[in-house]
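Student: Before anything else, here's the structure in question.
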Amino acid sequence: MYIAVMGYGVVGSGVVKVLQMNRDHISRKSRHGTIDVKYILDIKEINDENAHLVTKDFNDILNDSEVHVVVETMGGLHPAFEFVSACLKAGKSVVTSNKELVAEKGLELLTLARANQVNFVFEASVAGGIPVIRPISGSLNGNEIQEVAGIINGTTNFILTKMIDENMDYNTALKLAQENGYAEKDPTADVEGIDACRKICILSALAFGKHVYPGQVYTQGISKLELKDVEYAGDLGYVIKLLARSKKIGDQISVVVTPALVKKSSMLACVNGVNNAVLVRANAVGEILMYGPGAGMLPTASAVVGDVIDCCNHYMRPKFFGWLEDASEDFVRDYTESETSLFVRLSADSDKAKINELFGNVQFIEKEDIAFLTPVAVEKELREKLAVLGDKVKSVIHVTDF
Ligand code: HSE
Numbered sequence: 000m001y002i003a004v005m006g007y008g009v010v011g012s013g014v015v016k017v018l019q020m021n022r023d024h025i026s027r028k029s030r031h032g033t034i035d036v037k038y039i040l041d042i043k044e045i046n047d048e049n050a051h052l053v054t055k056d057f058n059d060i061l062n063d064s065e066v067h068v069v070v071e072t073m074g075g076l077h078p079a080f081e082f083v084s085a086c087l088k089a090g091k092s093v094v095t096s097n098k099e100l101v102a103e104k105g106l107e108l109l110t111l112a113r114a115n116q117v118n119f120v121f122e123a124s125v126a127g128g129i130p131v132i133r134p135i136s137g138s139l140n141g142n143e144i145q146e147v148a149g150i151i152n153g154t155t156n157f158i159l160t161k162m163i164d165e166n167m168d169y170n171t172a173l174k175l176a177q178e179n180g181y182a183e184k185d186p187t188a189d190v191e192g193i194d195a196c197r198k199i200c201i202l203s204a205l206a207f208g209k210h211v212y213p214g215q216v217y218t219q220g221i222s223k224l225e226l227k228d229v230e231y232a233g234d235l236g237y238v239i240k241l242l243a244r245s246k247k248i249g250d251q252i253s254v255v256v257t258p259a260l261v262k263k264s265s266m267l268a269c270v271n272g273v274n275n276a277v278l279v280r281a282n283a284v285g286e287i288l289m290y291g292p293g294a295g296m297l298p299t300a301s302a303v304v305g306d307v308i309d310c311c312n313h314y315m316r317p318k319f320f321g322w323l324e325d326a327s328e329d330f331v332r333d334y335t336e337s338e339t340s341l342f343v344r345l346s347a348d349s350d351k352a353k354i355n356e357l358f359g360n361v362q363f364i365e366k367e368d369i370a371f372l373t374p375v376a377v378e379k380e381l382r383e384k385l386a387v388l389g390d391k392v393k394s395v396i397h398v399t400d401f
């Protein structure tokens with residue numbers, strides 16, 4: 000069977016590499032025998048051994064009736080959305096690693112795929128090489144999912160690990176992440192939580208059945224974190240991770256991406272470097288954790304190629320996959336109405352008696368600054384109390400029950 004790959008960057012070239020490296024093995028997993036790349040679409044010059052496959056004209060792919068599956072690894076919304084839509088309308092299944100595309104246009108593209116009796120799949124869009132989409136939308140279908148939470152950005156986890164383990168400052172750790180090729184072209188998407196936000200939108204839609212758009216999710220990155228936060232959280236028995244969390248509360252969900260304290264004894268605390276982990280709490284299975292490499296050429300290509308084989312095996316047999324409903328305005332509730340504990344760091348001259356009066360007797364960490372954990376209460380109410388302390392408050396970070 001023939002496929003095409005649109006976008007020959009890190010992931011796209013990895014996909015071609017894995018298909019070639021494992022060609023024989025893959026042919027035995029595929030109902031239709033060997034899977035070969037017929038076209039690579041890219042605007043840049045390519046001089047490697049696959050140069051003869053390169054086209055700069057999307058219509059070569061669109062109009063070739065031998066190409067049944069198209070891989071989209073271009074990234075970005077445009078022209079990825081237009082190209083993917085055209086392929087689905089032309090009866091070609093599409094595999095993508097593009098989380099922005101799925102988070103913004105997933106429902107539209109799933110609907111288009113269903114209407115045209117083809118598949119639109121995206122295992123590689125969340126957590127790189129870790130199988131998370133299939134387990135959540137397949138193996139766990141017998142459960143009512145209560146919560147999905149994860150470390151789903153490798154770059155920020157790499158930076159935080161360096162800050163926690165080596166006392167490295169944020170900027171040095173970011174530079175190292177870029178040198179290692181983990182960060183997005185513009186690291187803002189990683190460090191400000193935008194990438195993790197797109198991924199939790201996809202996981203929320205799969206877990207809870209309605210599209211969730213990035214604009215509906217409160218998102219805060221790690222760029223304002225200081226080494227003191229990491230150190231004081233450590234003294235209290237926690238590590239700080241960038242967590243994406245989505246929790247069912249009645250008919251609504253609460254979704255956020257924020258730095259958060261997790262107990263040192265938690266499974267999530269052990270997820271270091273560029274690794275990712277997705278934790279699911281569900282009413283039959285209990286709690287599970289899926290762990291592994293969340294970024295990188297071959298791990299991400301592994302997920303894409305798995306999808307390619309699945310699409311070939313489902314040629315002319317569309318899968319029931321994804322979600323059916325669009326977001327409703329009130330589906331995502333105001334996260335500050337949920338209960339949490341907060342880690343608070345303040346200047347050393349803060350009024351401790353006042354703090355104890357506001358929050359009950361708390362236990363202080365006293366160093367250059369002071370820090371404490373609030374009791375669990377509705378976040379809005381906790382923040383109203385913190386406002387009384389004015390500009391003495393230097394940082395406020397969620398504390399989780401993980
Ligand atoms: N920049 C992303 C990350 C790549 O660091 O997780 C994988 O989506």
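If you number the sequence shown the way numbering that gives the first Met the number 0 does, the last residue is 401 and the count never jumps.
Ideal Cβ positions, reconstructed from N, Cα and C, are used throughout, including at glycine.
Remember, predicted model here, so these are calculated numbers, not experimental data.
Could you say which of Ser253, Asn271 and Gly291 lies nearest to Arg332 if we only look at CA atoms?
Tutor: In the sequence shown, counting from the first residue as 1, residue 332 sits at position 333. Of the candidates Ser253, Asn271 and Gly291, the one whose C-alpha sits nearest the C-alpha of Arg332 is Ser253.
Student: Determine the direct distance from the alpha carbon of Gly305 to that of Pro317, and round the result to whole angstroms.
Tutor: As a first step, residue 317 must be located in the sequence shown, where it is residue number 318. As a first step, residue 305 must be located in the sequence shown, where it is residue number 306. Their Cα atoms are separated by approximately 16 Å.
Student: Closer than 8 Å by C-beta to Ile248: which residues in its own chain qualify, once you throw out the five before and the five after it? Chain order, please.
Tutor: Position 249 of the sequence shown, counted from the start, is the residue given in the question as residue 248. If we look at Ile248 and ignore the five residues flanking it on each side, its Cβ neighbours are Arg332 and Ser337.
Student: Closest by CA to Ala3, which one among Val307, Val190 and Phe319?
Tutor: In the sequence shown, counting from the first residue as 1, residue 3 sits at position 4. Of Val307, Val190 and Phe319, the residue nearest in Cα terms is Val307.
Student: Is the CB-CB distance between Tyr290 and Leu260 below 9 Å?
Tutor: To locate residue 290, count along the sequence shown from 1; it is residue 291. To locate residue 260, count along the sequence shown from 1; it is residue 261. No, they are not a contact pair.
Student: For Asn274, which residues of its own chain have a beta-carbon under 8 Å away from its beta-carbon, when the five flanking residues on both sides are left out?
Tutor: By one-based count along the sequence shown, residue 274 stands at place 275. Contacts found: Ile150, Gly153, Asn156, Tyr290, Gly291, Pro292 and Gly293.
Student: Which residues have their C-beta within less than 6 Å of a heavy atom of the ligand HSE, listed in chain order?
Tutor: With the cut-off at 6 Å, the residues found are Gly127, Asn152, Gly153, Thr154, Tyr181, Ala182, Glu183, Asp189, Asp194, Gly293 and Ala294.
Student: What does the alpha-carbon distance come out to for the pair Leu61 and Pro258?
Tutor: Within the sequence shown, the letter at position 62 stands for residue 61. Within the sequence shown, the letter at position 259 stands for residue 258. Whole-angstrom Cα-Cα distance: 43 Å.
Student: What first and last residue would you give for the alpha helix (DSSP H) that runs through Asn402?
Tutor: Lying before the first or after the last residue shown, residue 402 is absent from the chain, which here runs from 0 to 401.
Student: Tyr38 bridges to which residues according to DSSP?
Tutor: Taking the first residue of the sequence shown as 1, we reach residue 38 at position 39. DSSP, once it has assigned bridges, lists Ala3 as partnering Tyr38.
Student: Using a 10 Å radius around the Cβ and a threshold of 16 neighbouring Cβ atoms, would you call Asp194 buried or exposed?
Tutor: Mapped onto the sequence shown, residue 194 falls at position 195. That one is buried.
Student: Given this structure, state the Cα-to-Cα distance separating Glu165 from Cys269, to the nearest angstrom.
Tutor: Counting from 1 along the sequence shown, the entry for residue 165 is found at position 166. Counting from 1 along the sequence shown, the entry for residue 269 is found at position 270. So the alpha carbons of these two residues sit roughly 15 Å apart.
Student: Considering just the uninterrupted stretch of the beta strand (DSSP E) at Phe371, what are its terminal residues?
Tutor: For the purposes of this step, residue 371 is taken as the residue at position 372 of the sequence shown. Looking at the DSSP string, the run of the beta strand (DSSP E) that includes Phe371 is Asp368 to Leu372.
Student: Taking the alpha-carbon positions, what's the Leu226 to Ser346 distance?
Tutor: As a working mapping, residue 226 is identified with position 227 in the sequence shown. As a working mapping, residue 346 is identified with position 347 in the sequence shown. Those two C-alpha atoms are separated by around 15 Å.
Student: Based on the DSSP output, what are the partners of Tyr217 in its beta bridges?
Tutor: Your numbering for residue 217 matches position 218 in the sequence shown. DSSP, once it has assigned bridges, lists Val255 as partnering Tyr217.
Student: In the stretch 143-215, which residue ranges form an unbroken beta strand (DSSP E) of at least 3 residues, counting only runs that do not cross its ends?
Tutor: Fully enclosed beta strand (DSSP E) runs of 3 or longer: 144-150.
Student: Identify, in the order they occur along the chain, each residue of the same chain with its Cβ nearer than 6 Å to the Cβ of Lys104, setting aside the five sequence neighbours on each side.
Tutor: Translated into positions along the sequence shown, residue 104 becomes position 105. Excluding positions up to five away in sequence, the list reads Phe80.
Student: On the CB-based measure, 16 or more other CB atoms within 10 Å of its CB, does Ser203 come out buried or exposed?
Tutor: Position 204 of the sequence shown, counted from the start, is the residue given in the question as residue 203. So Ser203 counts as buried.
Student: Where do the ends of the beta strand (DSSP E) carrying Leu288 lie?
Tutor: The residue labelled residue 288 in the question sits at position 289 within the sequence shown. That run of the beta strand (DSSP E) goes Gly285 to Pro292.
Student: When burial is assigned at 16 or more other CB atoms within 10 Å of the CB, is Leu40 buried or exposed?
Tutor: Residue numbering aside, residue 40 sits at position 41 when the sequence shown is read from its first letter. By the neighbour-count rule (16 or more Cβ atoms within 10 Å), Leu40 is buried.
Student: Do you know how far the Cα of Leu297 is from the Cα of Val17?
Tutor: On the sequence shown, residue 17 is found 18 positions in, with the first residue counted as 1. On the sequence shown, residue 297 is found 298 positions in, with the first residue counted as 1. Going by the C-alpha atoms only, they are around 7 Å apart.
Student: Distance, Cα to Cα, Glu367 vs Leu288?
Tutor: For the purposes of this step, residue 367 is taken as the residue at position 368 of the sequence shown. For the purposes of this step, residue 288 is taken as the residue at position 289 of the sequence shown. Taking the straight line from one Cα to the other gives about 37 Å.
Student: Would Asn282 and Ile144 qualify as a contact pair, given that the criterion is a beta-carbon distance under 9 Å?
Tutor: By 1-based counting over the sequence shown, the position of residue 282 is 283. By 1-based counting over the sequence shown, the position of residue 144 is 145. Yes, Cβ-Cβ distance for Asn282 and Ile144 is below 9 Å.
Student: Buried or exposed for Asp348, please, with buried defined as at least 16 other CB atoms from any protein chain shown within 10 angstroms of its CB.
Tutor: Position 349 of the sequence shown, counting from 1, holds the residue named residue 348. With fewer than 16 other Cβ atoms within 10 Å, it is exposed.
Student: Beta carbon of Thr72, beta carbon of Val14: below 9 Å?
Tutor: Locating residue 72 in the sequence shown gives position 73, counting from the first residue. Locating residue 14 in the sequence shown gives position 15, counting from the first residue. Yes; because the gap between Cβ atoms is below 9 Å, this pair is in contact.
Student: Tell me the residue span of the beta strand (DSSP E) that contains Leu278.
Tutor: Against the sequence shown, residue 278 aligns to sequence position 279. Residues Asn274 to Ala281.
Student: Tell me the DSSP secondary structure of His51 in three-state form.
Tutor: As a first step, residue 51 is located in the sequence shown; it is residue number 52 there, counting from the start. Three-state result, His51: helix.
Student: How would you write the range of the alpha helix (DSSP H) that His77 sits in, first residue to last?
Tutor: As a working mapping, residue 77 is identified with position 78 in the sequence shown. No alpha helix (DSSP H) holds His77; DSSP gives it neither H nor E.
Student: For Lys55, does the count of other Cβ atoms within 10 angstroms reach 16, so buried, or fall short, so exposed?
Tutor: Taking the sequence shown and counting its residues from 1, the one referred to as residue 55 is at position 56. With fewer than 16 Cβ atoms within 10 Å of its Cβ, Lys55 is classed as exposed.
Student: In terms of residues, what are the limits of the beta strand (DSSP E) holding Asp338?
Tutor: Locating residue 338 in the sequence shown gives position 339, where the first residue counts as 1. Contrary to the premise, residue 338 reads as Glu rather than Asp in this sequence. That run of the beta strand (DSSP E) goes Glu338 to Ser346.
Student: Which residues does DSSP list as the beta-bridge partners of Tyr237?
Tutor: On the sequence shown, position 238 is the one that residue 237 refers to. Tyr237 is bridged to Lys262.
Student: Taking the C-alpha atoms as reference points, what is the distance between Phe358 and Leu159?
Tutor: On the sequence shown, residue 358 is found 359 positions in, with the first residue counted as 1. On the sequence shown, residue 159 is found 160 positions in, with the first residue counted as 1. Answer to the nearest angstrom: the Cα atoms are 29 Å apart.
Student: Would you identify the three-state DSSP class for Ile354, choosing helix, strand or coil?
Tutor: Locating residue 354 in the sequence shown gives position 355, counting from the first residue. Reduced to three states, the DSSP call for Ile354 is helix.
Student: Along the beta strand (DSSP E) that carries Thr95, what are the first and last residues, could you check?
Tutor: As a working mapping, residue 95 is identified with position 96 in the sequence shown. Counting along the chain, the beta strand (DSSP E) containing Thr95 begins and ends at Ser92 to Thr95.
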